[in-house]
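Heads up: the sequence lines are chains A and B, in that order. Going by the numbering used here, the first residue of the first sequence is number 1, and it counts up by one from there. Going by the numbering used here, the first residue of the second sequence is number 1001, and it counts up by one from there. Remarks on the structure that follows.
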Amino acid sequence: MPSSSPLRAEVTAKNLKILLVCSSGGHLTQLISLAPWWSEHERHWVTFDTEDAVSKLEGERVTFAHSPTTRNVVNLLRNARLALHLLRRESPDVIVSTGAGAAVPFFWLRRFAGPQARTVYLEVIDRVDSPTLTGRLCRPVTDLFCVQWPEQQRFYRGSVLLGKVW
Amino acid sequence: MAESPGQHAQVAVLLGTDHHPYDRLVEWAATLAAEDGQRWFVQHGFTRWPDVASADLPANLTGTRMLGVRELDDLLAHADVVITHGGPSLIQEARTSRHVPIVAPRDPALGEHVDGHQIDFTARLAADGTIRLVRSLDDLRLAVAATRHEGRPTTADAVTPDETVERFATLVEGALSAPRVGLLARLALAGRRVSPPPAGRPARRPGPEPPRQ
């Protein structure tokens, strides 16, 4: 866990149930950078069973998704089944992802989390000049789409420039 | 706990979790380790090791596939020089541990990644001095020497700015309280949107040309 200063009290007025979904590696590091936000809420993680994820998420509630997800229909179906199960069980208020592939079934099946569940996508920092496949696949079912570079905004209609999360 | 791998390394080479092989950087590390005689440590990830460096690896070069987060922190805390591929995670972690990392982006032409995004991304970071960008063994040799000469920065450069996280929290709150736009409504809106016709095709709808700026 990165060292991070605690959020100010006014931001954490309401305790949320968050489902954090991402691939391991860089995608996970980016989502962990938002620790001052998510650490104030109830949360459940979905990522891959790799060394980096296991050690970074020690002490967190984690479900491992099936990988690889790139051009892998079998794992997409397995992860869709997992998404159905977890969305029903956890019924999160908000589903947050930094990509990649694993996010897609969770975003598209978000209805199973309940009618009020919102989806939030944060585009990765290292694709400056091109959209990501996962970003494009998730955009139609994303309520809040954040980017880290101004150039990324042109790929995603209605996206918000958040700035760099490092 | 036993001594962690790479604990006494002076130079850390970190290849990350990408599944493409990156033999080139491991070979460069072997060459430079043999030249300078310092203690080098390589987290080689999915790149083959140690047979990749063919013949005999110098004794001062050791490595492991992947370090746990504490071992990595330990290595970053003690090393004088950090060399990585162009992955944002390792660059961020190096900067958080007070390094200006030397970065050799993976080249898709050599089968080191799916595309050239590490090259584009690291060019950005090099332009604002976040990293030292290298593209060859000679670049790397010079960058290692310069990094040793200048020493580590006195302050960490990579913690998520509080304002960014607060803005994110505010944006999420806004999204939670806004009425949700369903997929069908969203697609309908998108369909109604007036967008310029694709290049090379005339607009389907006849009518006067819109004023051009």
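Glycine is no exception: its CB is placed at the ideal position from the N, C-alpha and C atoms.
Residues bridged to residue i [DSSP beta-bridge criterion]
{"i": "B/L1061", "result": "B/W1040"}
{"i": "B/A1012", "result": "B/F1041 and B/V1082"}
{"i": "A/H44", "result": "A/L19"}
{"i": "A/C146", "result": "A/L122 and A/V160"}
{"i": "B/R1132", "result": "B/I1102"}
{"i": "A/T63", "result": "A/V46"}
Beta-carbon separation (whole angstroms), residue i vs residue j, contact threshold 8 Å
{"i": "A/V21", "j": "A/A117", "result": "Their Cβ separation, rounded to whole angstroms, is 12 Å, which puts A/V21 and A/A117 out of contact at 8 Å."}
{"i": "B/T1164", "j": "A/G163", "result": "5 Å"}
{"i": "B/L1067", "j": "B/P1005", "result": "7 Å"}
{"i": "A/G99", "j": "A/T50", "result": "With 8 Å as the limit, A/G99 and A/T50 do not qualify as a contact, their Cβ atoms being about 16 Å apart."}
{"i": "B/Y1022", "j": "B/R1152", "result": "About 25 Å separates the two Cβ atoms, so there is no contact after all."}
{"i": "A/L144", "j": "A/P105", "result": "About 19 Å; that fails the 8 Å criterion."}
{"i": "B/G1045", "j": "B/D1018", "result": "7 Å"}
{"i": "A/R127", "j": "B/H1117", "result": "5 Å"}
{"i": "B/A1146", "j": "B/A1079", "result": "Contact flag wrong, Cβ pair sits at about 15 Å."}
{"i": "A/R110", "j": "A/I125", "result": "In fact, because the Cβ distance is near 25 Å, the residues do not count as touching under 8 Å."}
Cβ-based burial, residue i [other Cβ within 10 Å; buried from 16]
{"i": "A/D93", "result": "buried"}
{"i": "B/T1181", "result": "Note that residue 1181 of chain B corresponds to Val in the displayed sequence, not to Thr. Exposed, since its Cβ has fewer than 16 Cβ neighbours within 10 Å."}
{"i": "B/P1179", "result": "exposed"}
{"i": "B/R1070", "result": "exposed"}
{"i": "A/W166", "result": "buried"}
{"i": "B/R1065", "result": "exposed"}
{"i": "B/D1128", "result": "exposed"}
{"i": "A/E42", "result": "exposed"}
{"i": "B/A1053", "result": "Because the pLDDT of B/A1053 is 49, which lies under 50, any placement of that residue in the model is unreliable, and the number read from its coordinates should be weighed accordingly. Per the 10 Å Cβ criterion, buried."}
{"i": "B/L1061", "result": "buried"}
{"i": "A/V46", "result": "buried"}
{"i": "B/S1097", "result": "buried"}
{"i": "A/N15", "result": "exposed"}
{"i": "B/R1039", "result": "buried"}
{"i": "B/T1160", "result": "buried"}
Cβ-based neighbour list, residue i, same chain, cut-off 6 Å, excluding 5 preceding and 5 following
{"i": "B/V1082", "result": "A1012, A1094, H1099 and P1101"}
{"i": "A/F107", "result": "T119, C138 and V141"}
{"i": "B/H1113", "result": "H1020 and R1106"}
{"i": "A/F155", "result": "P131"}
{"i": "A/E123", "result": "G135, V147 and Q152"}
{"i": "A/T69", "result": "N75, G101 and A102"}
Cβ neighbours of residue i in the same chain (closer than 7 Å, five flanking residues each side left out)
{"i": "A/W38", "result": "I18 and L20"}
{"i": "B/A1143", "result": "I1102, R1132 and V1134"}
{"i": "B/D1157", "result": "R1095"}
{"i": "B/T1047", "result": "L1015, P1021, Y1022, D1023 and V1026"}
Own chain residues within Cβ distance below 8 Å of residue i, not counting five before or after
{"i": "B/L1110", "result": "R1024"}
{"i": "A/D129", "result": "E151"}
{"i": "A/R88", "result": "F112 and A113"}
Closer than 7 Å: residue i CB and nearest the ligand COA heavy atom
{"i": "A/W37", "result": "The ligand COA is absent from the structure shown, which contains no ligands of any kind."}
At which residue ranges does the segment 82-131 of chain A contain complete beta strand (DSSP E) runs of 3 or more residues, listed in the order of the chain?
-> 94-97 and 118-122
Kindly provide the ranges of any beta strand (DSSP E) runs that are 3 or more residues long and lie completely inside the segment 1072-1118 of chain B, ordered along the chain.
-> 1081-1084
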